[in-house]
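Student:
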Amino acid sequence: MMKIYTLCAVALMCCLASCSSIQTLTFDQLCPATVNFPERVRNVAVVNNMPATPEAKRTLLTLGEMNGNGKKSAEMLASSLADSKYFNQVMICDSALNDTHFAGRRILTQKEVQQLAGELDADLIFSLDQVGIQTERDELAYPGIAASWPVIKAKVTPVLSIYLPERERPIQVIAKTDSLQWDAGLAPSDRQMQEEAASYAAYMLTQMLVPYWKQTERIYYDGGCVEMRDAAVCVRENDWQGAYDLWKSLFDHSKSNKLKIKSAFNLALASEMQGDLPQAEKWMKEVEKRVTAGSDEEAVWKFYAAQLAERSKDFPYLNAQMGRFGNKF
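FYI, the numbering for the sequence shown is -23 to -1, 1 to 306, going by mature numbering (1 follows the signal peptide of the UniProt record, and there is no 0).
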């Protein structure tokens, strides 16, 4: 689930990559978190504020609703945040603060938050309030296959409140729902389900709380002339300045409109890979001016333009969030 593409985008990527002069490039891209924190927030604590739950069955799976394991969920989230190395220190209070069986959220009082912050030496408290699990049996049908495939689906919904000691109420409450799936014959027990949900809830929340890496793909032209092939060698060696220089020379000296389109497109990619998104957008405008409506080049331009626009939209948030590291990323 690290990469999510629409079916049409996947189909387009496969179609474009099948062209002999187009290559795909895979790399890790840093993405911004959903939540922004002041730079002064350096030490944080994760606390288990989830309702008490009966001991989960070790051999059976119960379909329907169940609550996650608070202790395990808090431990997983604290470990995931610590692994991100975004905060100086991540402390944990995995002892249950909520000893009731009430399924709803319990809001911490300001006195409780201040006491926890003092005891854990934390600038900010992450209160894990719920990890809801909704399981059901389903049948999946695939084209060309007569029989359906029985699966167990689980919707996981973590809810987390964010507290500052000087505030009376949570400064923000975040929640997200996503699904896990197993072959019905390999379905986990209730206990295993809680462990899987704890791990997945930590993954979802961490991506909302701190910047995270995801694998992404780009395409570029590598054929048509010697300069293109030489630049492709530079790309494989991660020498983006060398590739940029070759493509720029080709753009300046070529009289072929197609080569100018391809070199300008590649120059946009080289600019992006060197962190200069405004320059990348300028080169994409150069491509836009030259492509013919309905052509393969226009399809390639539209595909990358959408990717670049999304990254440009995210970049100011990422810069703000990485300011504590001098924007070195």
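All C-beta atoms, glycine included, are put in the ideal place defined by N, C-alpha and C.
Over the uninterrupted alpha helix (DSSP H) stretch that includes ASN215, give me the two end residues.
Tutor: Premise fails: ASN215 is in no alpha helix (DSSP H) and is neither H nor E.
Student: How far does the alpha helix (DSSP H) with GLN298 in it extend, from its first residue to its last?
Tutor: Per DSSP, GLN298 belongs to the alpha helix (DSSP H) from 273 to 298.
Student: Comparing alpha-carbon positions, which option in ILE69, LEU244, LYS62 and VAL212 lies nearest GLN(-1)?
Tutor: Looking at the Cα atoms, VAL212 is the closest of the given residues.
Student: In the DSSP assignment, what residue or residues form a beta bridge with GLY41?
Tutor: THR112, per the DSSP bridge assignment.
Student: Check for me: the alpha helix (DSSP H) holding PRO135 runs from which residue to which?
Tutor: Unbroken run through PRO135 is the beta strand (DSSP E), 126 to 140; no alpha helix (DSSP H).
Student: Can you give the Cα-Cα distance for GLY162 and SER50, rounded to whole angstroms?
Tutor: When rounded, the distance between both Cα atoms is 26 angstroms.
Student: So, for GLU204: in the same chain, excluding its five sequence neighbours on each side, which residues have a beta-carbon less than 6 angstroms away from its beta-carbon?
Tutor: So the list reads LEU223 and LEU227, once near-sequence residues are dropped.
Student: DSSP has ASN20 in a bridge; who is on the other side?
Tutor: According to DSSP, ASN20 bridges with GLN66.
Student: Out of ARG19, CYS70, ALA178 and GLU275, point me to the one whose CA is closest to GLU96's CA.
Tutor: Looking at the Cα atoms, CYS70 is the closest of the given residues.
Student: Pull up the distance between the alpha-carbon of SER248 and that of GLU194, whole angstroms please.
Tutor: If you take the alpha carbons of SER248 and GLU194, they lie about 15 angstroms apart.
Student: Consult DSSP for residue 343 and reduce its assignment to one of helix, strand or coil.
Tutor: Any question about residue 343 goes unanswered here, given that the chain covers just -23 to 306.
Student: Across the stretch 163 to 183 and the stretch 253 to 271, are there enough close Cβ pairs to call them in contact, namely three or more that are closer than 8 angstroms?
Tutor: Short answer: they don't touch.
Student: Ignoring anything shorter than 4 residues or poking outside the stretch 144 to 175, list the alpha helix (DSSP H) runs there in chain order.
Tutor: Segments of the alpha helix (DSSP H) lying fully in the stretch 144 to 175: there are none.
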